[in-house]
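Asks: Below is the structure I would like to discuss, written out as C-alpha cells.
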Amino acid sequence: MLRLTNVILPLDHPEADLRAAVLDRLKIAGADLLGLTIFRRGYDARRRSQITLVYTLEVEVKDEAAVLAKALPNVTVAPDTSYKFVAQAPAQTASRPVVIGFGPCGIFAALILAQMGFRPIILERGKVVRERTKDTWGLWRKRELNPESNVQFGEGGAGTFSDGKLHSGIKDPKHYGRKVLTEFVKAFAPEEILYVSKPHIGTFRLVKMVEAMRETIASLGGEFRFEAKVTDIEIDNGQVRGVVLEGGERIATDHVVLAVGHSARDTFQMLYDRGVYVEAKPFSVGFRIEHPQSVIDRARFGKFAGHPLLGAADYKLVHHCGNGRTVYSFCMCPGGTVVAATSEAGRVVTNGMSQYSRNERNANSGFVVGINPEDFGGDKHPLAGIDFQRELESRAFEMGGGNYDAPGQLVGDFLAGRPSKAFGSVQPSYKPGVHLTDLAPSLPAYAIEAMREAIPAFDRQIRGYAMADAMLTGVETRTSSPVRIKRLDNFQSVNVKGLFPAGEGAGYAGGILSAGVDGIKVAEAVALSMTGAADAR
Ligand code: FAD
-7 MLRLTNVILP
3 LDHPEADLRA
13 AVLDRLKIAG
23 ADLLGLTIFR
33 RGYDARRRSQ
43 ITLVYTLEVE
53 VKDEAAVLAK
63 ALPNVTVAPD
73 TSYKFVAQAP
83 AQTASRPVVI
93 GFGPCGIFAA
103 LILAQMGFRP
113 IILERGKVVR
123 ERTKDTWGLW
133 RKRELNPESN
143 VQFGEGGAGT
153 FSDGKLHSGI
163 KDPKHYGRKV
173 LTEFVKAFAP
183 EEILYVSKPH
193 IGTFRLVKMV
203 EAMRETIASL
213 GGEFRFEAKV
223 TDIEIDNGQV
233 RGVVLEGGER
243 IATDHVVLAV
253 GHSARDTFQM
263 LYDRGVYVEA
273 KPFSVGFRIE
283 HPQSVIDRAR
293 FGKFAGHPLL
303 GAADYKLVHH
313 CGNGRTVYSF
323 CMCPGGTVVA
333 ATSEAGRVVT
343 NGMSQYSRNE
353 RNANSGFVVG
363 INPEDFGGDK
373 HPLAGIDFQR
383 ELESRAFEMG
393 GGNYDAPGQL
403 VGDFLAGRPS
413 KAFGSVQPSY
423 KPGVHLTDLA
433 PSLPAYAIEA
443 MREAIPAFDR
453 QIRGYAMADA
463 MLTGVETRTS
473 SPVRIKRLDN
483 FQSVNVKGLF
493 PAGEGAGYAG
503 GILSAGVDGI
513 KVAEAVALSM
523 TGAADAR
C-alpha cells in the first residue's frame, strides 16, 4: 500500500477527479490502480475565495516497486497503523489491576488491559451515563447540583457532555490515536472520524459510545463499580497495596491506574496527604465567548459559508500580550452551547458542548489567559492552584446572583469598562441563566488587561470577533489540571511503585483523544509490569 499526500482539489470537485488526480500524480494508467481509500480529508481555507480540499490517500497499485522507483514527491509506503498488543495476561493470574476513573483515559486503559486478558476492576465515583445525564441536566434546568454526578464526574468522564472534538497536536509515532478512533467507530461513532481532519462526535453519540465500550470491557472480564469513590490509597514501603472506597471497603491490588481527571480535587488532596509526589503546574483562566455562528462562518469561509463539506466553522486564536501574558481560544464549539460545568456547590464554571450537527445559533469558545504557579502560590504549595480555582469560581457564583446563573457581559461593555445592562443581538446559551454585570472583578487585573488587548487582535483574524454584542460568561477555570502527578519513564509515580498517574488530571493529556492515547500507554506499562516484562526491558 502506498500513501499519497497533499492531493489538492477544488471544494466542489466531482468524485472522479480524485482518481484522475492519483493517476496523474503517480503517472500510471487506470488499469494499474487497484484501490483507493481516503486516509484524511482536510481543507485549506487560508484563501477564502478559493477554499480547497486537501487529501491524504492510500492507494493500491499493480506494481508498487515501479511507482516507488520514480521517486515522486509525496509518495511513500503507507505506514502500518494497526495496533499491536505488548503483552498477554498469564492464564492463571490472580491479581487484577484497578483503574480509577472511567473518562477517556480510564476507558482506554481498561479496554486495552481487558483486551490483553488482565480483567481490570474499574472504580468510578459517578453514576452510569444515563443516570448521570439526568443529574447533569438537573443543574442546567433546576439549579440542582449533584457533586458526585455532573459534567465532570460519572461514566464517560468530563468529555461526555462536550463537542467531542477528536483532534490533538500530540506526537503519536505509534499511531495510538488511530486505535482510539478505531475503537470509537466500533462503538458506533460515525466512520468519518477516521478520515476527516478535525473529527467531532457531539454529546448524544458520546453517551451511546460510552455504554458500548463499557459492554465490550465487561464482556472481556472487566468489572465495573459505579458510585464507588476512591477515598484512600494504601502504600506500603513505597509500593501500592490497595485502594479504599468511601464506606471503607478495601480492594487489594499492586497496580492502580489513576485516571481521575482535572476536577478530582478531594482525590488530589488525599494523594498529597499520603505522600504521593504532586506539583503545581500552569493552567489558564478566562471566560466563554459567544458569537453568532454565521459571523464565524462568513469570516472563515466567505462565499463558501454553509458548505456541507466544511460544516460550521471553527477557529484557533493566540495573542501574545504586551504584559507578557498569552491569551488564546480554547475548546472551540461551533454551533453549540455554553454549559454550567461546576462539580462543587456554590461555584460557577463555564465550558462548551455541541451536538454532532453543530447547528445551534451561537459559536462559543474559551477565551483564556495562561497563568503560572507563581501567579497563584504554586511555588509555595503544590495544591495552591485548586484554592485559586475555587476562589474564582466562588466569586463568579456570587457575581451571578448566588443561584448558579453565570455572570456575563457584552464584549463592547467589557472593552469600555462598564457593566452591561441589557442583552444585545447575541442571546447567551448558558443555562440556568446569565446575570449581566461587570466581569472585570472576576479575574486578576493582569488577566483582564491581557484579554482587553487580545479582543481587537483576534478581530483582525476573525472579523466580527470584537462585535459589541458578543457575549462573555465567566468563569472558565477548568482548562487543564492545576497539578501534575509526576511519573517516571515506566509511567509509575516518581515515589510510589504500582501507581500509574494518567490522563488529564495527572497532567499528561489535554482532551479526549490525548487522554485516550495516554490510557493506552499506561495500560501497556501496567501489562509489562504485571508480566515482569518491564524488568526485562
Ligand atoms: P476525565 O474525563 O475527567 O475522567 C475522570 C473520571 O474519574 C471521572 O469520570 C470522575 O468521575 C472519575 N473520578 C475522579 N475521582 C475519582 C475517585 N476518587 N474515585 C473514582 N472515580 C473518580 N476535550 C476534547 O478533546 N474535545 C472536546 O470537545 C471537549 N469538550 C469538553 C467539554 C466539556 C464540557 C468538558 C468538561 C471537557 C471537554 N473536553 C474536551 C476535555 C475532555 O473532556 C478531557 O480532556 C478528558 O475527558 C480527560 O479525560 P480523563 O479520562 O483524563 O479525565
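According to the numbering used here, the sequence shown holds residues -7 to 529 in order.
Idealized CB from N, CA, C, for every residue including glycine.
Rounded to whole angstroms, what is the Cα-Cα separation between VAL116 and PHE293?
Replies: By one-based count along the sequence shown, residue 116 stands at place 124. By one-based count along the sequence shown, residue 293 stands at place 301. Reading off the sequence, residue 116 comes out as Glu, not Val. The alpha-carbon atoms of GLU116 and PHE293 are separated by roughly 43 Å.
Asks: Let me know the secondary structure DSSP gives PRO365 once reduced to three states.
Replies: Taking the sequence shown and counting its residues from 1, the one referred to as residue 365 is at position 373. In the structure shown, PRO365 sits in a helix (DSSP, three-state: H, G or I).
Asks: Between ILE477 and the ligand FAD, is the CB less than 7 Å from at least one heavy atom?
Replies: As a first step, residue 477 must be located in the sequence shown, where it is residue number 485. No - the ligand FAD has no heavy atom lying nearer than 7 Å to the Cβ of ILE477.
Asks: Classify VAL403: buried if its beta carbon has 16 or more other beta carbons within 10 angstroms, exposed otherwise.
Replies: The residue labelled residue 403 in the question sits at position 411 within the sequence shown. When all chains shown are included, VAL403 counts as buried.
Asks: May I have the straight-line CA-CA distance separating TRP129 from SER141, to the nearest angstrom?
Replies: The residue given as residue 129 occupies position 137 in the sequence shown. The residue given as residue 141 occupies position 149 in the sequence shown. When rounded, the distance between both Cα atoms is 10 Å.
Asks: Am I right that VAL360 and PHE322 are in contact with their C-beta atoms under 8 Å? What's the rounded C-beta distance?
Replies: Residue 360 sits at position 368 when you count from the first residue of the sequence shown. Residue 322 sits at position 330 when you count from the first residue of the sequence shown. At roughly 5 Å, the Cβ-Cβ gap stays under 8 Å, so VAL360 and PHE322 are in contact.
Asks: Taking only heavy atoms of the ligand SAH into account, decide whether any of them is closer than 7 Å to the Cβ of GLY358.
Replies: Absent from the structure shown: the ligand SAH. Ligands present: the ligand FAD.
Asks: Cα-Cα, which of GLY278, ASN356 and VAL249 is closest to ARG444?
Replies: As a working note, residue 444 is residue 452 in the sequence shown. For ARG444, the nearest C-alpha among the options comes from GLY278.
Asks: Excluding the 5 residues flanking GLU215 on each side, which residues of the same chain have their C-beta closer than 6 Å to its C-beta?
Replies: Looking up residue 215 in the sequence shown gives position 223. For GLU215, where only same-chain residues beyond five positions count, the Cβ hits under 6 Å are ILE113.
Asks: What does a CB cutoff of less than 6 Å around THR259 pick up in its chain, not counting 5 residues either side in sequence?
Replies: Position 267 of the sequence shown, counted from the first residue, corresponds to residue 259. Excluding residues within five positions, the ones whose Cβ falls inside 6 Å are VAL252.
Asks: Check each candidate in ASP127, GLY161, THR318 and ARG39 and name the one with the smallest Cα separation from ALA449.
Replies: Taking the sequence shown and counting its residues from 1, the one referred to as residue 449 is at position 457. ALA449 has its Cα closest to that of THR318, out of ASP127, GLY161, THR318 and ARG39.
Asks: Going by C-alpha to C-alpha distance, which of GLN107, ARG197 and LYS166 sits closest to ALA179?
Replies: Your numbering for residue 179 matches position 187 in the sequence shown. Minimum Cα distance to ALA179 is reached at ARG197.
Asks: Using only the alpha-carbon positions, how far apart do LEU26 and LEU64 sit?
Replies: Stepping through the sequence shown from its first residue, residue 26 is reached at position 34. Stepping through the sequence shown from its first residue, residue 64 is reached at position 72. One C-alpha to the other measures close to 19 Å.
Asks: Does the Cβ-Cβ distance between PRO374 and GLU271 come in under 8 Å?
Replies: For the purposes of this step, residue 374 is taken as residue 382 along the sequence shown, with counting starting at 1. For the purposes of this step, residue 271 is taken as residue 279 along the sequence shown, with counting starting at 1. Closer than 8 Å, so yes.
Asks: Classify PRO433 as helix, strand or coil using the three-state DSSP reduction.
Replies: Working through the sequence shown from its first residue, we reach residue 433 at position 441. Helix.
Asks: Looking at the secondary structure, which residues open and close the beta strand (DSSP E) in which VAL53 lies?
Replies: Taking the sequence shown and counting its residues from 1, one reaches residue 53 at position 61. Residues 44 to 53.
Asks: Ignoring anything shorter than 4 residues, give me the alpha helix (DSSP H) runs that lie fully in the stretch 48 to 131, in order along the chain.
Replies: Qualifying alpha helix (DSSP H) stretches, in chain order: 56 to 61 and 96 to 107.
Asks: Exposed or buried, which one is ILE288 when buried takes at least 16 other CB atoms within 10 Å?
Replies: Along the sequence shown, one-based indexing puts residue 288 at 296. Buried, since its Cβ has 16 or more Cβ neighbours within 10 Å.
Asks: Answer yes if the stretch 0 to 13 comes into contact with the stretch 56 to 73, meaning at least three C-beta pairs across the two stretches below 8 Å, and no otherwise.
Replies: Result no; under three Cβ-Cβ pairs closer than 8 Å.
Asks: Mind checking whether the beta-carbon of SER154 lies closer than 7 Å to any heavy atom of the ligand FAD?
Replies: As a working mapping, residue 154 is identified with position 162 in the sequence shown. Yes, since a heavy atom of the ligand FAD falls inside the 7 Å radius drawn around the Cβ of SER154.
Asks: Sorted by chain position, which residues of the same chain lie with C-beta nearer than 7 Å to ASN364's C-beta, five sequence neighbours on each side aside?
Replies: Position 372 of the sequence shown holds residue 364. Counting only Cβ-Cβ distances below 7 Å, and skipping sequence neighbours, we find PRO274.
Asks: For TYR396 and SER472, what's the separation of their Cα atoms in angstroms?
Replies: As a first step, residue 396 is located in the sequence shown; it is residue number 404 there, counting from the start. As a first step, residue 472 is located in the sequence shown; it is residue number 480 there, counting from the start. Whole-angstrom Cα-Cα distance: 22 Å.
Asks: Roughly how many angstroms lie between the CA atoms of ILE92 and GLY327, to the nearest whole one?
Replies: Position 100 of the sequence shown, counted from the first residue, corresponds to residue 92. Position 335 of the sequence shown, counted from the first residue, corresponds to residue 327. Each residue's Cα considered, the two are about 33 Å apart.
Asks: Would you mind working out which of ASP430, GLY490, PRO474 and ILE99 sits nearest THR465, comparing C-alpha positions?
Replies: In the sequence shown, the residue the question calls residue 465 occupies position 473. Among ASP430, GLY490, PRO474 and ILE99, the Cα nearest to that of THR465 belongs to ASP430.
Asks: What are the residues that DSSP puts in a beta bridge with LEU1?
Replies: For the purposes of this step, residue 1 is identified with residue 9 of the sequence shown, where counting begins at 1. Per DSSP, LEU45.
Asks: With a threshold of 7 Å (Cβ to nearest heavy atom), would CYS323 be considered close to the ligand FAD?
Replies: Locating residue 323 in the sequence shown gives position 331, where the first residue counts as 1. Yes, Cβ of CYS323 sits closer than 7 Å to a heavy atom of the ligand FAD.
Asks: Three-state secondary structure (DSSP) at ALA355?
Replies: Taking the sequence shown and counting its residues from 1, the one referred to as residue 355 is at position 363. It is a strand residue.
Asks: Within the chosen definition, does the stretch 506 to 518 reach the stretch 161 to 180 through at least 3 CB pairs nearer than 8 Å?
Replies: Counting Cβ pairs under 8 Å, three or more are found: they touch.
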